[in-house]
Each structure stands twice: as structure tokens, then as C-alpha cells.
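Here the protein sequences come in this chain order: A and B.
Using the UniProt record's numbering, the first residue of the first sequence is number 1, and each one after it goes up by one.
Using the UniProt record's numbering, the first residue of the second sequence is number 1, and each one after it goes up by one.
Think of the CB as a built atom: it goes at the ideal place given N, C-alpha and C, for glycine as much as any other residue.
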Amino acid sequence: MELLWLAISTIAIGVFGCVAWFWGSNWVLDAIYPPRGPRAGDNIRKAGQIRPWLFLGPAILFLGMYLVYPVIDSLWRSLHNSDGSRFVGMSNYVWAVGDGKFRESMLNNMLWLLVVPALSTLFGLVAAQLTDRLKWGNIGKSLIFMPMAISFVGAGVIWKFIYEYRAADETQIGLLNWIVTKFGGDPQIWLTLIPWNNFFLMIVLVWIQTGFAMVILSAALRGIPEETIEAAILDGASPLQVFFKIKVPQIMGTIAVVWTTITIVVLKVFDIVFVMTNGQWGTQVLANLMYDWMFRGTPDYGRGSAIAMVLMILVTPIMVWNIYNARKEVR
Amino acid sequence: MADLKLTNVAKSYGDVHVLKNINLDIRSGEFIVFVGPSGCGKSTLLRMIAGLEQITGGELQIGGQVMNDIPPSQRGIAMVFQSYALYPHMTVRDNMAFALKIAGQTKEQIQQATDRAGRMLQLTPYLDRLPKALSGGQRQRVAIGRAIVRDPKVYLFDEPLSNLDAALRVATRIEIAQLKASMPDRTMIYVTHDQTEAMTLADRIVVLAGGGIAQVGAPLELYERPVNEFVAQFIGSPAMNLLPGKVSRIGATTTVALDGGGVAHVAIPTRAGDEGMVVNVGVRPEDMRETDGEAIFEGTVDLTEALGEVTLLYFGTREEVVPVIAKLPGIHPGLNGKTVRLTADPEALHLFHKGTSLLYRDGADLPPYQPRIAAPSGSMGGAHGAASMPEGGDDRSDGRIEDGVVKPEGPVR
């Protein structure tokens with residue numbers, strides 16, 4: 001109960017604080033430069049130059065505190081030793097390049113990067129096209145979209161059950177092993193099968209992201225002018241040709257946005273690996289490796305931060321391209 | 001050969017019947033225009049011919065072959081859409097080449113065909129541009145070019161000029177007419193709601209109304225011999241005036257006593273027993289002229305619209321009836337509020353009983369249609385040009401000259 005009151009009062013203070021800031025600062029500004037009297041025009045011009053900064057101020061402050069400062073601090077830490085007491089230059093990065101686990105993580109991240117966005121976008125596109133003209137298409141869409149509502153940790157737990165292993169003489173409670181044994185196979189410890197276990201983990205993210213891709217692409221497909229499709233049919237194009245030569249090229253911009261958005265999610269993937277294998281059996285990824293160094297055992301802030309910086313450098317160009325594409329779409 | 005034959009063609013969506021009993025023979029090389037009020041199903045009919053809409057009843061033949069279930073691309077047709085429907089991600093050349101690529105033609109063939117279409121439509125400098133870098137008129141030309149490269153037997157146009165501005169519409173209309181002239185053996189079917197396009201382009205116009213065909217005929221035939229009040233009022237602008245009255249004397253020329261007090265002599269025969277028949281006398285605004293003698297209509301001018309070449313007079317705009325409109329050539333200042341007596345020639349009048357023209361009564365055999373010579377300025381000089389008639393005249397040719405006012409040619413539409 002106490003917690004509830006605390007939460008409510010926090011929200012109230014936040015909301016009223018914002019209102020008070022915007023109203024109050026505006027009032028003060030108008031008091032200093034009154035928009036009337038003999039110097040009204042001059043005052044309005046001066047106030048107009050200051051006002052945006054007043055309104056943006058809190059946002060800039062908080063963004064700086066929670067986004068910019070951590071980046072700078074991470075950079076600083078990545079250049080220092082494990083507890084930040086000694087400057088070590090690039091040696092944390094040099095260590096990373098030579099570290100087997102880091103290389104494994106980089107490789108796995110690249111693999112994730114290739115497989116997950118490609119499959120998610122492809123499945124999303126196919127699902128969008130196939131559900132578009134069906135009567136029960138909307139139900140199908142809802143089902144495909146539903147995993148989006150599940151947290152990555154939840155999805156990891158669910159899929160861990162699907163891959164669950166029991167010895168051959170026991171009842172299989174994992175769906176996959178149940179199917180395998182039904183067809184006469186031997187139950188497998190799926191999550192330890194190198195290198196396939198990586199793909200078993202990826203499927204979880206594909207399962208989640210397909211719904212996202214489908215929704216966005218479905219909207220894009222509906223935005224295609226019907227006449228261009230009819231014209232293509234008159235031109236003799238088969239349904240497949242209409243899809244690949246008329247529809248897909250027209251939504252290429254949207255596909256790029258979906259692809260890059262999923263790519264960014266993939267680069268940051270952490271929860272699924274953390275829950276399902278914790279990076280064992282050759283499934284380590286950068287985000288989980290960073291967590292390991294940062295918070296497990298004897299923390300090494302230097303190495304953890306170095307990994308974080310690498311991750312950020314990898315994401316940035318894709319992010320920039322994503323924003324560029326998304327803006328182009330809006331225009 | 002690309003004769004089209006529609007037999008009892010019908011279209012319904014569930015219980016909603018959009019079109020029924022469409023019977024139409026289109027000869028190879030004809031330019032046919034479908035007109036009608038919005039929602040009459042003219043675009044639907046075109047799309048059924050194209051194969052984009054299922055035909056739910058009757059039979060469609062193209063070149064003697066039943067086409068009901070043949071896919072669109074194998075019907076030997078090409079279609080030009082109102083919205084151009086260009087593929088936005090392809091250059092002009094690729095847009096035109098798409099159908100040929102699908103059909104598996106060689107690069108040389110495609111190059112040749114697109115080059116030729118580009119030349120025909122003055123698109124050569126734009127062949128490597130994307131549609132978004134073209135103006136509306138150029139886009140529509142690309143759409144036409146896309147049809148031309150396929151060299152179809154039948155061209156279908158679905159309101160191709162509706163998205164263009166007025167000046168471009170005229171220019172493109174002329175281009176389409178020239179295109180047709182350069183391909184005399186190709187059939188063209190053209191849907192529009194624009195009368196001017198219909199009158200100027202068509203060999204024959206098909207007027208669609210209420211889910212069926214109201215009348216089929218040459219543009220001037222529809223103008224001069226409308227089969228019913230709907231066609232009479234649909235063709236021509238402003239619409240034909242309908243003046244109610246009763247037949248007072250029968251004969252080769254019928255005399256009608258109009259409810260408004262006037263008397264009309266109509267050059268349409270009536271027979272014994274028709275006396276007292278309730279009729280509507282139809283008179284086109286442009287056929288009316290001022291008179292001092294016997295008038296078919298007398299009224300006070302409520303409003304005038306001076307367009308320079310013609311002056312429109314409105315009568316009865318303040319009453320809850322359809323106003324009577326007269327279109328007088330030239331400029332007539334100071335008519336507002338004045339009482340005007342108007343008459344028209346017997347040959348220019350129409351007679352309707354229960355909505356249908358008495359000219360077509362009992363399936364009467366009419367002599368083949370000949371345009372009226374020196375028709376009032378309403379004639380459009382279209383494909384069936386009245387202009388081609390050499391001799392200058394019947395007695396009505398000077399009927400419209402106003403004292404001291406230059407007689408204009410052609411109405412404003």
C-alpha cells in the first residue's frame with residue numbers, strides 16, 4: 001500500500017512538476033520581456049529566441065544525465081583498469097581482440113545479425129501478404145503478433161520448455177523432444193548442440209519479431225495503389241511476379257526500415273541468451289559477455305565497458321541508416 | 001479481327017445488381033465511348049471487358065471467342081487507368097517494357113517497341129526517368145505508351161483525362177484522337193463522364209443508366225434523336241428543357257398546348273387518338289431564340305450568365321421547379337428582369353410521352369440517321385461532323401442571328 005502511494009505521488013509530482021515548469025518559466029519570461037508596450041516587437045523577438053531553450057531544457061538535461069554521461073563514462077572506464085584506478089590506454093580493447101570468448105561473441109552476433117532480421121522480415125512479409133485477403137486473416141495476424149507482447153525473458157522461458165530435455169526413458173515434457181521421440185528419434189539436449197544451439201536461440205527472436213515485421217509490412221502493402229497491381233495483371237504478370245516485381249519494390253523503403261530496426265534489436269540481444277544458455281556451449285553474445293564482465297564474479301569495469309563501446313560502435317551506423325530511411329518514408 | 005460482342009452481360013455483387021442485360025456489338029476499329037452518371041456501372045463494364053471484374057451473367061466475345069473466363073492478359077486488350085497506374089519504381093522505358101519482358105520477348109524487340117512508342121508519344125527524352133519526375137500529362141502518355149507497346153486489339157481507357165488540368169485535357173484528347181486515326185483497325189473503348197470527350201472522340205456513344213444501356217448511337221444522333229428524357233437531358237449542356245403540355249392537334253407536325261401557356265409545333269408525327277395526350281416538349285437551350293410572334297415559352301429572366309460567345313438566361317430559379325434555361329448567341333445586356341418570349345424551330349423540338357420519345361414509338365422504322373444540316377451551334381463537329389455537309393442550307397440557317405450581334409459558333413460546355 002505504501003508502495004502504491006509512493007508510485008502515485010511520484011507520478012503526480014512528475015506531471016505537475018512538468019506543467020509547473022512550462023507554465024512558470026513561460027510566465028517569468030513574459031514578465032521579463034512583456035509582449036506589449038512600446039518595445040513589444042523587440043521583446044517578442046527576444047522571448048522567442050529564449051523560449052525553445054526553456055521548454056527543451058529539462059529534456060536536454062535528463063537526456064544528458066541518462067544517455068550522454070553514461071556513454072562518456074563508459075568510454076572513460078574502458079580506458080582504465082578493472083576498478084577505474086589506473087589509465088591503461090587501449091589495453092582493454094587489445095585484450096578483447098585476443099580473447100576467445102569475445103571473438104566467439106562477435107562471430108555469434110554477426111550470425112544473429114544475418115539470420116534474425118532476414119528471417120523475421122521474410123516471414124513477416126509472407127505473413128502480411130498471405131493474411132491480407134483472408135477472412136480470418138486478422139485472427140491469424142493477431143496470433144502472429146502476440147509474441148510481440150511477451151518479454152524476451154518470458155519468451156526465453158517458454159522456448160526453454162520447448163527445448164526441454166528428459167532422459168529417453170522418461171516422459172518428454174519438451175515439445176521438440178516429444179515430437180522427435182514420437183517419430184522414433186532419440187531425445188536431444190538441444191541447447192548444447194554446437195553450433196545448432198545458436199539457431200535454436202535465434203528462432204526465439206524470429207518468433208517475436210515476425211509479428212512486428214508483419215504489421216508494418218502489411219500496412220505498407222495496403223498502401224500500394226491497387227491500379228498498379230491491376231495494370232501488372234493486365235500486363236500478364238503471374239501472382240508471384242506481381243508480388244516480387246511490383247509489390248516488393250514499391251515497399252522497399254519500408255522493408256529497409258523493418259530490417260534495420262530488427263538489426264538493432266538483434267545487436268542488443270541479451271535476455272534470451274541470458275535466460276536460455278547464459279552464453280555457454282558456444283552461444284555467447286556481446287551484450288551477455290559485457291554483463292558477465294561487468295557484474296559477475298569480480299567485476300572488471302574496464303573490460304565490460306570496452307565491450308559496451310564495441311557494441312555501441314556496431315549499432316550506431318545501422319541506427320543512422322535506419323533513421324535516414326524512416327525519415328525518407330515519412331516524406 | 002477484334003469485334004466485341006456482349007450478350008446479356010450482367011454484374012451483381014450478391015443481391016445488388018449493378019448491370020443487367022447489356023447487349024452490345026462493337027465492330028473492329030470502332031471508337032466506343034461509355035458515358036453515364038456516376039455509379040451507372042460504366043467503369044465496371046469496362047473492367048469486366050478487361051477481365052478485372054468477374055462477369056456474373058451473359059457472355060463476352062472478343063474476335064468471336066468467348067472471353068468470360070480467359071485471364072486478362074490473354075484477351076488481347078490493354079488498359080489505361082485514370083490514375084495512370086505507372087510502376088513507380090521503374091523508369092519510363094521499363095514501365096513500357098514490363099509486359100514484353102513478362103511475355104519473354106528479346107531485348108532487341110523490347111528496345112524497338114519502346115523506342116517506337118517513345119517516338120509516337122514524344123517521350124524519347126524521358127525514357128530513362130522515373131514516373132515521379134514527369135508531369136501529369138507525360139505520365140498519362142507513358143500509360144498510353146504502355147498500352148501501345150503491347151499492340152493490343154482492343155484499347156480500354158478508364159477516364160484517362162480526369163486527373164489532368166483543363167488545358168492538358170484538351171491537348172491529350174486530341175492526341176488520343178490522332179492515335180486512333182493512326183490505328184484505324186484497333187478498337188477503342190473509352191469511359192468518361194465528360195460529354196465533350198464523348199462527343200468529340202466517339203464513333204458511337206453508349207449511354208448507360210440505371211444498370212442498363214439507355215441508348216447507343218453516333219454522338220449527334222444522341223444529341224438530335226434522344227430515345228428518352230434521360231438521354232435528352234444527359235447529352236448537351238445545359239440540359240434540355242422539358243415543358244409539360246397536352247397534344248392539341250395531331251398530324252405530321254404535332255401541336256402541343258403547353259401548361260405554361262405557350263404553343264409548340266413539333267415536327268414529330270402523331271396519330272388519331274393522341275389528342276389530349278400528356279407530353280413533355282423538349283427544347284434545348286441553344287435551340288431557343290427570341291420572337292415577337294407565337295412563343296413556346298414566355299417568362300421573366302431571373303438571372304443571366306454572360307459568357308461572351310453566348311448568354312444563358314435562367315427562368316424560374318426562385319420556384320421549386322427545374323429552371324428553364326435559354327442559351328442565346330452573343331451578348332445581351334440588360335435582359336435581367338425583363339419578360340422574354342422564346343420560340344424554337346419545329347425540327348429542333350422533341351416530344352416525350354411518359355419519358356420516352358414519340359419518335360421511336362412502337363419501334364417505328366426511322367430513316368437512317370443523318371445529321372441536321374446547319375444544326376444549331378450545339379453540333380460538336382466530331383467524328384460524324386456536320387461540318388462536312390457542303391450545302392449551306394435549310395431555311396433555319398439564319399434563324400439565330402441576333403440583330404447586330406455576331407453569331408458565335410459552338411456552345412460553351
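Return helix, strand or coil for ARG186 (chain B), following the three-state DSSP convention.
As a position in the second sequence, residue 186 (chain B) is number 186, starting the count at 1. In this structure, ARG186 (chain B) counts as coil in the three-state DSSP scheme.
Beta-carbon neighbours of SER162 (chain B), restricted to chain D and to distances below 8 Å
Within the model displayed, chain D is absent; protein chains A and B are what it includes.
Classify LYS107 (chain B) as buried or exposed, calling it buried when 16 or more other Cβ atoms lie within 10 Å of its own Cβ.
One-based indexing of the second sequence puts residue 107 (chain B) at position 107. It is exposed - the Cβ of LYS107 (chain B) has fewer than 16 other Cβ atoms within 10 Å.
Could you list which residues in chain B have their beta carbon closer than 7 Å to that of ALA237 (chain A), in chain order?
Within the first sequence, the letter at position 237 stands for residue 237 (chain A). Correct list: ILE102.
On the three-state DSSP scale, how would you describe ASN26 (chain A)?
As a working note, residue 26 (chain A) is residue 26 in the first sequence. Residue state, collapsed to three classes: helix.
Just checking, does the stretch 238-252 of chain B make contact with the stretch 58-71 of chain B on the three C-beta pairs under 8 Å criterion?
no
Below 8 Å CB to CB, which residues in the same chain sit around MET277 (chain B) once its five sequence neighbours on both sides are set aside?
Counting from 1 along the second sequence, the entry for residue 277 (chain B) is found at position 277. Beyond the five residues adjoining it in sequence on each side, MET277 (chain B) comes within less than 8 Å, by CB distance, of LYS246, VAL247, THR270 and HIS353 in the same chain, given in chain order.
Interface residues of chain B around GLN250 (chain A) at Cβ under 9 Å?
Within the first sequence, residue 250 (chain A) is the residue found at index 250, counting from 1. Per Cβ cutoff of 9 Å: TYR87, PRO88 and HIS89.
Can you tell me which residues form a DSSP beta bridge with MET309 (chain A)?
Stepping through the first sequence from its first residue, residue 309 (chain A) is reached at position 309. According to DSSP, MET309 (chain A) bridges with nothing at all.
How should ILE22 (chain B) be labelled, buried or exposed, when 16 other C-beta atoms within 10 angstroms of its C-beta is the threshold for buried?
What you label residue 22 (chain B) is simply residue 22 of the second sequence in a count that begins at 1. Looking at its Cβ environment, which holds 16 or more other Cβ atoms inside 10 Å, ILE22 (chain B) is buried.
For SER83 (chain B), would you say it is in contact with chain A, using Cβ-to-Cβ distances shorter than 8 Å as the test?
The residue given as residue 83 (chain B) occupies position 83 in the second sequence. Yes - at least one Cβ of chain A is within 8 Å of the one on SER83 (chain B).
Assign LYS182 (chain A) to one of two classes, buried (16 or more other C-beta atoms within 10 Å of its C-beta) or exposed (fewer than that).
As a first step, residue 182 (chain A) is located in the first sequence; it is residue number 182 there, counting from the start. The residue in question, LYS182 (chain A), is exposed, as its Cβ has fewer than 16 Cβ neighbours within 10 Å.
Report the start-end ranges of each beta strand (DSSP E) in the stretch 212-249 of chain B that is 3 residues or longer and not cut off at the edges.
If we require 3 residues or more, the beta strand (DSSP E) runs fully inside the stretch 212-249 of chain B come out as 212-217 and 241-249.
Reference PHE161 (chain A); option with closest CA among A:ALA306, A:ASN177 and A:ILE255:
Position 161 of the first sequence, counted from the start, is the residue given in the question as residue 161 (chain A). When only C-alpha atoms are compared, the closest one is A:ASN177.
Quick one: which chain B residues come within Cβ less than 8 Å of residue 372 (chain A)?
Past the edges of chain A, shown from 1 to 331, lies residue 372 (chain A), and the structure says nothing about it.
For the putative contact between SER74 (chain A) and ALA308 (chain A), defined by C-beta atoms under 8 Å, what is the C-beta separation to the nearest angstrom?
Locating residue 74 (chain A) in the first sequence gives position 74, where the first residue counts as 1. Locating residue 308 (chain A) in the first sequence gives position 308, where the first residue counts as 1. Rounded to the nearest angstrom, the Cβ distance from SER74 (chain A) to ALA308 (chain A) is 5 Å, consistent with a contact under 8 Å.
Quick test of the definition: if touching needs 3 or more C-beta pairs under 8 Å, does the stretch 186-201 of chain A touch the stretch 269-284 of chain A?
yes
Using C-beta distances below 6 Å, list every residue in its chain close to GLY304 (chain A), excluding the 5 sequence neighbours before and after it, in chain order.
By one-based count along the first sequence, residue 304 (chain A) stands at place 304. Excluding its 5 nearest sequence neighbours in each direction, GLY304 (chain A) has C-beta neighbours in its own chain below 6 Å: MET290, TRP293 and MET294, listed in chain order.
Which of the three DSSP states is assigned to ASN23 (chain B) in this structure?
Reading the second sequence from its first residue, position 23 is the one you call residue 23 (chain B). Three-state DSSP puts ASN23 (chain B) in a strand.
Between the C-alpha atoms of VAL180 (chain A) and PRO195 (chain A), what's the straight-line distance to the nearest angstrom?
On the first sequence, residue 180 (chain A) is found 180 positions in, with the first residue counted as 1. On the first sequence, residue 195 (chain A) is found 195 positions in, with the first residue counted as 1. In this structure, the CA atom of VAL180 (chain A) is about 19 Å from the CA atom of PRO195 (chain A).
Just to confirm my understanding: we take ALA231 (chain A), look at its own chain, exclude 5 residues before and 5 after, and list those with CB closer than 7 Å. What are they?
As a first step, residue 231 (chain A) must be located in the first sequence, where it is residue number 231. Correct list: empty, nothing qualifies.
Can you give me the C-alpha to C-alpha distance between LEU314 (chain A) and VAL149 (chain B), rounded to a whole angstrom?
As a working mapping, residue 314 (chain A) is identified with position 314 in the first sequence. As a working mapping, residue 149 (chain B) is identified with position 149 in the second sequence. Take the alpha-carbon of LEU314 (chain A) and the one of VAL149 (chain B): they are about 49 Å apart.
Which residue's Cα is closest to the Cα of ASN280 (chain B): B:GLU298, B:THR291, B:ASP259 and B:ALA295?
Within the second sequence, numbered from 1, the residue matching residue 280 (chain B) stands at position 280. Checked all of B:GLU298, B:THR291, B:ASP259 and B:ALA295; the closest Cα to ASN280 (chain B) is B:ASP259.
Between LEU19 (chain B) and chain A, is there a C-beta pair that is closer than 8 Å?
Mapped onto the second sequence, residue 19 (chain B) falls at position 19. So no, LEU19 (chain B) is outside the interface.
Please report whether the beta-carbon of ALA231 (chain A) lies at a distance below 8 Å from any beta-carbon of chain B.
Your numbering for residue 231 (chain A) matches position 231 in the first sequence. Taking Cβ atoms only, chain B reaches closer than 8 Å to ALA231 (chain A), which makes this a yes.
Give the straight-line distance between the Cα atoms of ARG255 (chain B) and GLU275 (chain B), rounded to the nearest whole angstrom.
By 1-based counting over the second sequence, the position of residue 255 (chain B) is 255. By 1-based counting over the second sequence, the position of residue 275 (chain B) is 275. With the sequence shown as reference, residue 255 (chain B) is identified as Thr, and Arg is not the correct amino acid for it. Between THR255 (chain B) and GLU275 (chain B), the C-alpha separation is close to 10 Å.
Kindly give me the distance between the Cβ atoms of ALA2 (chain B) and MET79 (chain B), rounded to whole angstroms, as I take these residues to be in contact under 8 Å.
Taking the first residue of the second sequence as position 1, residue 2 (chain B) is located at position 2. Taking the first residue of the second sequence as position 1, residue 79 (chain B) is located at position 79. With 8 Å as the limit, ALA2 (chain B) and MET79 (chain B) do not qualify as a contact, their Cβ atoms being about 15 Å apart.
Tell me where the beta strand (DSSP E) around LEU217 (chain A) begins and ends.
Taking the first residue of the first sequence as position 1, residue 217 (chain A) is located at position 217. Unbroken run through LEU217 (chain A) is the alpha helix (DSSP H), 196-222; no beta strand (DSSP E).
When burial is assigned at 16 or more other CB atoms within 10 Å of the CB, is ALA117 (chain B) buried or exposed?
Position 117 of the second sequence holds residue 117 (chain B). Its Cβ being crowded by 16 or more others within 10 Å, ALA117 (chain B) is buried.
Same chain only: Cβ atoms within 6 Å of VAL191 (chain B), ignoring 5 sequence neighbours per side:
Translated into the one-based positions of the second sequence, residue 191 (chain B) becomes position 191. Correct list, in chain order: PHE34, LYS42, SER43, LEU46, ASP158 and GLU159.
Looking only at its chain, what residues have a beta carbon closer than 8 Å to the beta carbon of VAL216 (chain B), apart from the 5 residues adjacent to it on each side?
Taking the first residue of the second sequence as position 1, residue 216 (chain B) is located at position 216. Taken in chain order, the residues that qualify are LEU24, ARG204, ILE205, VAL206 and VAL207.
Identify every run of the alpha helix (DSSP H) within the stretch 5-91 of chain A, keeping only runs that are complete inside it and at least 4 residues long; order them along the chain.
40-63 and 69-78
Quick one: residues in its chain with C-beta nearer than 6 Å to the C-beta of GLY392 (chain B), no 5 flanking neighbours on either side, listed in chain order?
In the second sequence, residue 392 (chain B) corresponds to position 392, counting from 1. Model confidence at GLY392 (chain B) stands at a pLDDT of 39, short of 50, so the residue's coordinates are unreliable; what they give is reported in the following sentence. Excluding residues within five positions, none has a Cβ falling inside 6 Å.
Whole runs of the beta strand (DSSP E) within the stretch 11-97 of chain B, excluding any shorter than 3 residues:
Correct list: 16-26, 31-35, 57-62 and 77-80.
Local Cβ density within 10 Å of LEU6 (chain A), reported as buried at 16 or more and exposed below that
As a first step, residue 6 (chain A) must be located in the first sequence, where it is residue number 6. So LEU6 (chain A) counts as exposed.
Where the alpha helix (DSSP H) through PRO329 (chain B) begins and ends:
Taking the first residue of the second sequence as position 1, residue 329 (chain B) is located at position 329. Not the alpha helix (DSSP H): PRO329 (chain B) falls in the beta strand (DSSP E), residues 324-329.
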